[in-house]
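Take a look at the structure below.
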Amino acid sequence: MAIVVDLDVMLARQKMPVGAFASAVGISPANVAVLKNGRAKAIRFTTLERICEVLDCQPGDILRWEPEG
Amino acid sequence: MRSAVILWLRFLLVGILAGSLLGQVLVVLIAQANGREMPEVEHLVVPYAIAGIAAIVCFQVAVGCIWALLAMVESGRIYSTRALRWVEAIIWCGGTAAGIVVATAGHLLFLERLGGPGVPLGIMVALVTGSAFVLLMVVMRGLLATAIADRAELAEVI
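Here the protein sequences come in this chain order: A and B.
Adding 33 to a residue's 1-based position in the first sequence gives its number in this note's numbering.
Adding 118 to a residue's 1-based position in the second sequence gives its number in this note's numbering.
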């Protein structure tokens with residue numbers, strides 16, 4: 034995937050456990066794992082909004098584009 | 119989905135199924151009566167009765183498939199590839215029933231050289247309604263397949 038989700042970096046920086054983050058955002062821990070592993074194919078703007086709210090960051094802090102190959 | 123609607127539909131399906139069972143008995147009785155009245159068609163009584171029963175069996179199988187699809191709608195599992203198989207079965211039932219009716223009427227008309235003006239009309243009606251039903255179900259099947267694909271894609275959105 035050319036779009037990288039830097040969620041683990043942000044979570045480590047905030048020292049937030051995955052379970053607490055999942056319930057704060059309102060998604061399942063399994064989906065958090067999907068996001069962290071880079072297996073996510075799409076994310077709702079509402080989810081992104083809540084992630085930014087919980088982590089107090091901008092979408093650019095979580096999402097990054099990397100050239101493929 | 120409203121369970122009252124499904125319940126009422128199920129009730130009607132049972133009624134339709136019971137009616138079709140009665141129809142199967144009637145097919146045999148009518149065939150026997152025709153055989154008695156017209157001894158020249160007596161050799162057709164058994165094969166035509168079988169054809170009539172078989173066509174109604176197709177109808178009954180299709181009703182059974184609708185029953186299965188209703189159960190899937192009720193439990194929210196209708197948007198899965200399993201539902202497509204039931205729709206396919208309905209398509210095959212419709213095609214087979216229309217085929218049986220057309221073949222039987224065609225046999226009566228062209229090989230036995232019997233039957234009044236109602237027989238060609240019956241062939242036309244069976245051909246038109248049968249193919250229209252099958253094509254409509256194929257369209258429905260396509261719509262269901264699209265909905266299943268959309269559901270699967272949407273399920274991946276976090």
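Note that the Cβ used here is the ideal one computed from N, Cα and C, for glycine as well.
This one's a predicted model, so the numbers in the text were calculated from it and none came from an experiment.
Judged by beta-carbon spacing, residue 42 (chain A) lies beyond the 7 Å limit of residue 87 (chain A), meaning their Cβ atoms are not closer than that value.
Within chain A, the residues whose beta carbon sits less than 8 Å from that of residue 275 (chain B) are 74, 75, 76, 77, listed in sequence order.
If you draw a straight line from the Cα of residue 194 (chain B) to the Cα of residue 266 (chain B), it is about 12 Å long. Annotation: Cβ neighbours of residue 64 (chain A) in chain B (cutoff 7 Å, chain order): 276. In this structure, B:222 is the residue among B:263, B:239, B:222, B:227 with its C-alpha nearest to the C-alpha of residue 164 (chain B).
For residue 145 (chain B) against residue 167 (chain B), the beta-carbon gap comes to about 6 Å, under 8 Å, which counts as contact. Residue environment: residue 126 (chain B) is assigned as exposed (fewer than 16 neighbouring CB atoms within 10 Å of its CB, all protein chains considered). Going by C-alpha positions, residue 132 (chain B) is about 57 Å away from residue 49 (chain A).
DSSP places residue 96 (chain A) in the uninterrupted beta strand (DSSP E) bounded by 96–98.
DSSP lists A:98 as the bridge partner or partners of residue 36 (chain A). Per the Cβ contact rule, the stretch 171–185 of chain B is in contact with the stretch 198–214 of chain B (3 or more Cβ pairs under 8 Å).
In the three-state reduction of the DSSP assignment, residue 270 (chain B) falls in the helix class. Within the same chain, Cβ atoms closer than 8 Å to the Cβ of residue 124 (chain B) are found at 188, 191, 192, the five residues on either side in sequence being excluded. About 16 Å separates the beta carbons of residue 92 (chain A) and residue 35 (chain A), which is beyond the 8 Å limit, so they are not a contact pair.
With 16 or more neighbouring CB atoms inside 10 Å of its own CB, residue 169 (chain B) falls in the buried class.
Contact between the stretch 215–231 of chain B and the stretch 245–253 of chain B is present, with at least three C-beta pairs closer than 8 Å.
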